[in-house]
DNA sequence: ATTACATGTAATCATTGTAGTTACATGTTG
DNA sequence: CAACATGTAACTACAATGATTACATGTAAT
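Residue numbers (the working numbering), protein chains in the order written: chain A, 1 to 147; chain B, 148 to 294.
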């Protein structure tokens, strides 16, 4: 199991839209950087648009960020691209036996534990913005050039 | 996407083995409480055994915990049942375009972020033991009886 | 040793999600 | 209308899950 790469592609897209803000970020252009099919990008762009993170219009080439860089967190992206249903990162086995002490109670015991693990993960994502990502990409780029 | 229910089943199994420690916890018995096929249970039991969490022997009915209750964390179970490959909870899109500033650096930027989100989740799991689960199941059971 | 029964494990199946591809309807602009 | 972009649907290949069946292997009691 693994969380869909739509998440990392979503981050990639937003970052590139920002860095290329003086140019036109069409689905084909973005697909060229991500290295995938433009239709895949358009599908993800649709999700980002629906979540209010980018502005795109049918027929008009290019996407723009719909919010300030520092107002888009990785959690926003995570939720936007639907990689995990709300509160369902962990799946709980259905229909345990109600005639057994454990079967009867295990779900109610486990659920809050899974929920808090999931929250811990989401809090980390919430504390990182696309601005942070953009800055870090530039940092890494500098290091590359120096070598 | 969702983390396999093998994890919650694994917790169920360990909890039940403990609560039924005066009886015999065969795969069929455990399957009855989880409400699934005994072969599914045996497969998971095999993983828990390999991780040193339980003792089982071919031909001999029943499983026992191989460690103290308080020495088995949910993280141990999580790793035992192989729901997520090490450091691969998030998948990163492969082969971004090296001729683009973002494509060239995005993986190195994202990886540590994903890693720390994953760590946050694992730390929560590490702080809960099967002992805690057993106690909570009993607590919940008391409340049920009262009603 | 044979019977009875448990674990270990492989093969198969239906279902689901992913990622990619093609195709085309819809929308915009010159 | 021509050229081109987005929005979507349909289809494919692939992988993981969970269930099921079947059977080899191992243990113990009679």
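Note that beta-carbon positions come from the ideal geometry of N, C-alpha and C, so glycine has one too.
Which of helix, strand or coil DSSP assigns to residue 13/A: For this step, residue 13/A is matched to residue 13 along the first chain. Residue 13/A: helix per DSSP, three-state reduction.
Under a CB-based cut-off of 8 Å, is residue 211/B close to chain A? Here residue 211/B refers to the residue found at position 64 when the second chain is read from its first residue. So no, residue 211/B is outside the interface.
Counting only Cβ-Cβ distances shorter than 7 Å, please list the residues of the stretch 1-24 of chain A near chain B, keeping chain order. 1, 2, 3, 4, 5, 7, 8, 9, 11, 12, 15, 16, 19
Residue interval of the alpha helix (DSSP H) (run including residue 253/B): For the purposes of this step, residue 253/B is taken as residue 106 along the second chain, with counting starting at 1. 248-273 is the extent of the alpha helix (DSSP H) around residue 253/B.
For a test of the three-state rule: what should DSSP assign to residue 63/A, helix, strand or coil? Stepping through the first chain from its first residue, residue 63/A is reached at position 63. Correct three-state label for residue 63/A: strand.
Buried or exposed: which applies to residue 128/A, given that a residue is buried once 16 or more other Cβ atoms fall within 10 Å of its Cβ? One-based indexing of the first chain puts residue 128/A at position 128. Buried, since its Cβ has 16 or more Cβ neighbours within 10 Å.
Which residue marks the beginning of the alpha helix (DSSP H) containing residue 196/B, and which one marks its end? Numbered from 1 along the second chain, position 49 holds the residue referred to as residue 196/B. Where residue 196/B is concerned, the enclosing alpha helix (DSSP H) stretches over 185-197.
What residues in the stretch 69-93 of chain A bring their beta carbon closer than 8 Å to a beta carbon of chain B? 74, 83, 84, 85, 88, 89, 90, 91, 92, 93
Under 9 Å between beta-carbons, which chain B residues line up against residue 46/A? List them in chain order, please. Along the first chain, one-based indexing puts residue 46/A at 46. Chain B residues near residue 46/A: none, gap ~18 Å exceeds 9 Å.
Find the nearest neighbour of residue 172/B within the set 232/B, 256/B, 218/B, 209/B, judged by alpha-carbon distance. One-based indexing of the second chain puts residue 172/B at position 25. Of the listed residues, the one whose Cα sits closest to residue 172/B is 209/B.
Leaving out the 5 sequence neighbours to the left and right, which residues in its chain are closer than 7 Å to residue 107/A when beta-carbon positions are compared? Here residue 107/A refers to the residue found at position 107 when the first chain is read from its first residue. For residue 107/A, where only same-chain residues beyond five positions count, the Cβ hits under 7 Å are 92, 96.
Candidates 167/B, 155/B, 199/B: closest to residue 188/B by CA position: Here the question's residue 188/B lines up with position 41 in the second chain. If we check each option's Cα against that of residue 188/B, 155/B comes out closest.
So which residues of chain A does residue 288/B contact, with C-beta pairs closer than 8 Å? The residue given as residue 288/B occupies position 141 in the second chain. Residues of chain A passing the Cβ test: 101, 104, 105.
Can you name the start and end residues of the beta strand (DSSP E) that residue 299/B belongs to? Since the first residue shown for chain B is 148 and the last is 294, residue 299/B is missing from the structure and cannot be characterised.
Measuring only between beta-carbons, confirm whether residue 96/A sits less than 8 Å from chain B. Start at 1 with the first residue of the first chain, and residue 96/A comes out as number 96. Yes, residue 96/A counts as interfacial toward chain B.
Count the other CB atoms, across all protein chains shown, that sit within 10 Å of the CB of residue 265/B; report buried if there are 16 or more and exposed otherwise. The residue labelled residue 265/B in the question sits at position 118 within the second chain. Residue 265/B is buried by the Cβ-count criterion.
Enumerate in chain order the residues of its own chain whose CB-to-CB distance from residue 81/A is below 7 Å, with the five nearest sequence positions on each side excluded. Along the first chain, read from residue 1 onward, the residue named residue 81/A stands at position 81. Cβ within range, chain order: 6, 7, 10, 44, 47.
Element boundaries [alpha helix (DSSP H), containing residue 226/B]: Indexing the second chain from 1 puts residue 226/B at position 79. Where residue 226/B is concerned, the enclosing alpha helix (DSSP H) stretches over 221-227.
Alpha carbon to alpha carbon, how far is residue 133/A from residue 75/A? In the first chain, residue 133/A corresponds to position 133, counting from 1. In the first chain, residue 75/A corresponds to position 75, counting from 1. Each residue's alpha carbon lies about 13 Å from the other.
Leaving out five residues on either side along the sequence, give the residues of the same chain with a beta carbon under 6 Å from the beta carbon of residue 151/B. By 1-based counting over the second chain, the position of residue 151/B is 4. Answer for residue 151/B: 230, listed in chain order.
Would you please verify whether the beta carbon of residue 116/A is less than 8 Å from any beta carbon of chain B? Taking the first residue of the first chain as 1, we reach residue 116/A at position 116. Chain B contact via Cβ: present.
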